[in-house]
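J.: Below: one structure in structure tokens.
In UniProt numbering, the protein residues as written are 1 to 88.
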């Protein structure tokens, strides 16, 4: 789990840096609101493509986010529970 802005950016850079294109398909989003805080759960299908437009990785899992509101809503943490992964 990455918590805080810098940790979320570092995690995304680390996990996605080697791929040319990435598409995230997110479904079945469930948001639990509690005042100025929210917990979010969603299904994830990720497709990762190289510079020759070949699919090199597909994965499915559960996204878990937390968010907080201090004026605007801000992402507070993110985690992915990977269920499966297929590499080409």
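Ideal Cβ positions, reconstructed from N, Cα and C, are used throughout, including at glycine.
1. Which complete alpha helix (DSSP H) runs does the UniProt domain "SnoaL-like" (3-77) hold, if anything under 4 residues is left out?
2. Using CA coordinates, which residue listed in 45, 76, 74 and 70 is at the minimum distance from residue 62?
3. Using 10 angstroms around the beta-carbon of residue 7, count the other beta-carbons present and answer buried if the total reaches 16, otherwise exposed.
4. Nearest-angstrom Cα distance between residue 28 and residue 1?
5. Determine whether the beta carbon atoms of residue 86 and residue 77 lie at a separation below 9 Å.
T.: Taking the coordinates as given:
1. 5-16
2. 45
3. exposed
4. 21 Å
5. no
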